[in-house]
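2 protein chains.
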Amino acid sequence: MSNKIPTRIYLSEDEMPKSWYNLRAIMKDKPDPMLHPGTLQPVTAADLAPVFCNAVIEQELDESNLLVPIPDEIQDFYRAYRPSPLIRAYYLEKALGTPAEIYYKFEGTNTSGSHKLNSAGPQAFYAKKDGLTSLTTETGAGQWGTAMSMACAFYDLKLIVYMVKISSEQKPYRKALMESYGANLIPSPSNTTESGKKILAGDPNTGGSLGCAISEAIETAVKTDKCRYVLGSVLNHVLLHQTVIGQEAKIALDKFGIKPDIIIGCAGGGSNLGGLIAPFMGDKIEGKANARFIAVEPASCPSFTRGRYAYDFGDTAQTTPLIRMMTLGSGYMPSPNHAGGLRYHGMNSTLAKLFKDGLLEAKAEVQTDVFDAAIQFMKTEGILPAPESSHAIKAAIDEANECKKTGKKKVILFGLSGTGYFDMTAYTSYNNKTMNDQVPSDADLEKGFASIPAIPQG
Amino acid sequence: MSNKIPTRIYLSEDEMPKSWYNLRAIMKDKPDPMLHPGTLQPVTAADLAPVFCNAVIEQELDESNLLVPIPDEIQDFYRAYRPSPLIRAYYLEKALGTPAEIYYKFEGTNTSGSHKLNSAGPQAFYAKKDGLTSLTTETGAGQWGTAMSMACAFYDLKLIVYMVKISSEQKPYRKALMESYGANLIPSPSNTTESGKKILAGDPNTGGSLGCAISEAIETAVKTDKCRYVLGSVLNHVLLHQTVIGQEAKIALDKFGIKPDIIIGCAGGGSNLGGLIAPFMGDKIEGKANARFIAVEPASCPSFTRGRYAYDFGDTAQTTPLIRMMTLGSGYMPSPNHAGGLRYHGMNSTLAKLFKDGLLEAKAEVQTDVFDAAIQFMKTEGILPAPESSHAIKAAIDEANECKKTGKKKVILFGLSGTGYFDMTAYTSYNNKTMNDQVPSDADLEKGFASIPAIPQG
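Chains as they are written, first to last, in this note's numbering: chain A, 588 to 1045; chain B, 588 to 1045.
Structure representation (structure tokens):
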């Protein structure tokens, strides 16, 4: 293949973004504000101060500054593993026989195995800057916990990770990896917190849940001196940090005069999707481009495609501020057969707003179809994709096949958010044909919706 | 950090090497030839034809062409995951407080997790070109088996991997990864071959060995129509393919006018080390440079530092040609406590010759020291290193600390051959302080030496 466009496009360090891209600043209709659950008034910086670091709170509430400068120290952190490659999927295109051009931004070349490190670094840096000595967080599938473990090792901070108990048992290697970076792993629920003890008292054999782990992490952060809590998705400051993905992709494409027609990302809480699409969506809002944007979620946790646009809690213990988002209800639990992440009940407020306003499409995929796509991808492009990222692969292949039918040569960009090294149990179940697709019934969803608080939705 | 030299240096596709670098062509004293074990005469292409592909045999026997053109199709394969980054270890340097400049060539960004893919691709391509439909190989730690699985998926070839039985049981995820690429995994010893049956008859509960798996793979290749055997290290054609590592590193360093003073690689069979040092060693032989070269091996399998320079078999069943190498004897078995690869009894003939001629130094390290270095590295540079690669890290840190003592600003280059995602059991045992160092006694070594054939050693 002798093509003008290289298979892998790397930016030079000089070309890497110097600012994050705050999409909300350019949106005509802003997402609704977070509300204090007691007063139902918009949250203030003071409300969030016991839980989060100062800079993070400022970023969370900032809807006016489009370009937020990345501190030199964080640019230095990014240089430890970025730029990530933008890859032309020549081999996949050939296998599909499509006239489409497919590109993917691959965030899995760092040890955390995903894009999560892009926000873990900044959050650890800001904690250090605030004079903190430790952080708490939760992890389910483990990417975020690994990313925070790496960032805390880099900035010499203590880290407590509440890991969903069943995950810590099923993924001992994820646990070992975080411990190798020096993190303190606590299977959740635990007896280190009141919320953990309460849940254990009710069910001593529970495998735990992400919602419970969040509650434990927040409780410990609030109770501990010089300690705060960090979250890896859902919130707008996390999406802001992740815009290095989309900006790097756009700079690389611009160098070759390529304008994507379709931009695709997988969606759980929304950090990878939001980070990928931000600068492209900005161009669309400004009328400079007219791409389609597609969020792809698991059929087992369909917050975009079957959820409600409502104010809801971020955790199952219902202790967080209320966020207007696409939600299945904080009480919703995806089927235990669902492999990998993307199992959060709600979707970031900015993405939810874009979806409601018709700027962002969404579709849901069942997991055996997703793994079919993953295997086709890994056999042609060579990369073992994370189950999460494979949702985007599935949609990209579908769009490329559509191009084959219509003969149209579209430019498709998708986010390959991570690798699947720690998901081989899921691949084994796919290979052995023991994987099945559990799509929630309407009755299942109604149970989740019942947990959405009955407040005026504006 | 505002430095002229970027943290990560990527070549453009145009800058990637177009030829492999055949170091033997430039050596004044060549390594001794392989011998036919029956006649004790140098092997001919015809001797090797039942086992290996044509191009591979030609490369194995070629001692005259310095630059061996890389076919376009293989350059195309390399572009699927190369160039690999050359990384300036700014963060490690800072942590050590050393005046040394440390660079490492990182081969772990592809899904096989190591440099092994650099030879797997060419070997699969040549098999396809010869009209073959399947290949056989063996794997222990699993990097080579994964790399061949990827290459065979890419070129649509069937692959049978004989995986050391104890490894296939201890590393089910490695197995699942290879199967996801479509490979047929057979725990070795098996009843699919005469050599396997023979070993099982003697000990039905054996966990197997690499030597036994090699024997099974060769037997199946020879017995099967349109099938050949592929090997991932030790032989000179494998080292030839691996010279993309050293050449990319040299091109990147040359761009910035950097000349390494010390070049370090871990050494098992020698493919990573040989590939890294080849073009630099060529310069040394031609008097253009005067770097030191250091091979680092595990103290539990010390073929360089405690082995003999002798003609020996490549497998424990003693069916291969005789290779003049640094060897512990084909009957030598490293302690089962030894984590990771680098457990082969012998060392590539070219490297053995360079060592004997004083051009290459060697040292051995115990594994707890190696894991100490790995943890220091991962906490500063962010990358989870393979246990194998961590031997090179250990030596690089020692040299950097020596520079701190002497105040000399040396330039150190080492090979980071791979990642440790599938080695978390070893990291767990290190973290739990249950890892121990088993250094073979002289008596242990004597047992191995007894298996070296009693032939005239020239």
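From the three backbone atoms N, C-alpha and C, an ideal C-beta is built for every residue, glycine too.
Source: prediction; values computed, not measured.
- Bounds of the beta strand (DSSP E) holding Leu1000(B) are Val998 to Leu1003.
- Taking the Cα positions, Tyr597(B) is about 12 angstroms away from Arg675(B).
- No Cβ-Cβ contact shorter than 8 angstroms links Asn705(B) with Val655(B).
- Interface flag for Ile980(A) against chain B is unset, since no Cβ pair is found closer than 8 angstroms.
- By the rule that beta-carbons nearer than 8 angstroms mark a contact, Ala763(B) touches chain A.
- Assignment of beta-bridge partners to Tyr1017(A) by DSSP yields no partner.
- Nearest CB-CB separation between Lys871(B) and chain A: not below the 8 angstroms threshold.
- Taking C-beta atoms under 8 angstroms as the contact rule, Gly1005(B) and Ser976(B) qualify, at a distance of about 5 angstroms.
- For a cut-off of 8 angstroms, the C-beta gap from His824(B) to Val643(B) is around 5 angstroms, short enough to register as a contact.
- If you draw a straight line from the Cα of Asn778(A) to the Cα of Arg595(A), it comes to about 49 angstroms.
- Residue contact with chain B for Leu938(A): absent (no Cβ-Cβ distance below 8 angstroms to any residue of chain B).
- Distances from the alpha-carbon of Thr907(A) to those of Ser606(A), Arg611(A), Lys617(A) and Leu622(A) put Leu622(A) closest.
- Under the 8 angstroms criterion on CB atoms, Lys784(B) is classed as non-interfacial with respect to chain A.
- Check the Cα spacing between Pro670(B) and each of Gly727(B), Lys605(B), Ala687(B) and Ala982(B): the tightest is with Lys605(B).
- Three or more pairs of CB atoms, one per stretch, sit closer than 8 angstroms, so the stretch 1005 to 1021 of chain B contacts the stretch 759 to 773 of chain A.
- Nearest C-alpha to Gly1002(B) among Cys853(B), Ala728(B) and Tyr713(B): Cys853(B).
- Between Ser671(A) and chain B, the shortest Cβ-Cβ separation is not below 8 angstroms.
- For Met621(B), no Cβ of chain A is located within less than 8 angstroms of the residue's own Cβ.
- For Glu725(A), the three-state secondary structure derived from DSSP is strand.
- In the three-state reduction of the DSSP assignment, Asp649(B) falls in the coil class, being assigned neither a helical nor a strand state.
- Proximity of Thr698(B) to chain A, defined by a Cβ-Cβ separation below 8 angstroms, is satisfied.
- Every alpha helix (DSSP H) of 4 residues or more that sits fully in the stretch 736 to 774 of chain B is shown, in chain order, as 752 to 757 and 759 to 767.
- Contact between the stretch 932 to 948 of chain B and the stretch 886 to 904 of chain B is present, with at least three C-beta pairs closer than 8 angstroms.
- Here Glu873(A) carries a coil assignment [DSSP, helix/strand/coil].
- Annotated three-state conformation of Ala897(B) is strand, per DSSP.
- Here Leu679(B) is buried: its Cβ has 16 or more other Cβ atoms, across all protein chains shown, within 10 Å.
- With respect to chain A, the C-beta atom of Lys715(B) has no partner C-beta closer than 8 angstroms.
- Its Cα nearest to that of Ile910(A), the residue Val630(A) stands out among Met920(A), Asp616(A) and Val630(A).
- Shown here, Val655(B) sits in a strand according to DSSP, grouped into three states.
- For Gln1044(A), the number of other beta carbons within 10 angstroms of its own is below 16, and it is reported as exposed.
- Along the stretch 965 to 992 of chain A, going in chain order, the ones with a CB nearer than 8 angstroms to a CB of chain B are Met965, Lys966, Thr967, Glu968, Gly969, Ile970 and Leu971.
- In this structure, Lys966(B) lies away from Ala714(A), with their beta-carbon atoms at least 8 angstroms apart.
- When Cβ-Cβ separations below 8 angstroms define contact, Ser599(A) makes contact with chain B.
- Not a single CB atom of chain A sits nearer than 8 angstroms to the CB of Arg611(B).
- Looking at Gly862(B), Val1026(B), Pro709(B) and Lys943(B), the one whose alpha-carbon comes closest to that of Ala897(B) is Lys943(B).
- In the structure shown, Lys950(A) falls within a strand segment according to DSSP collapsed to helix, strand and coil.
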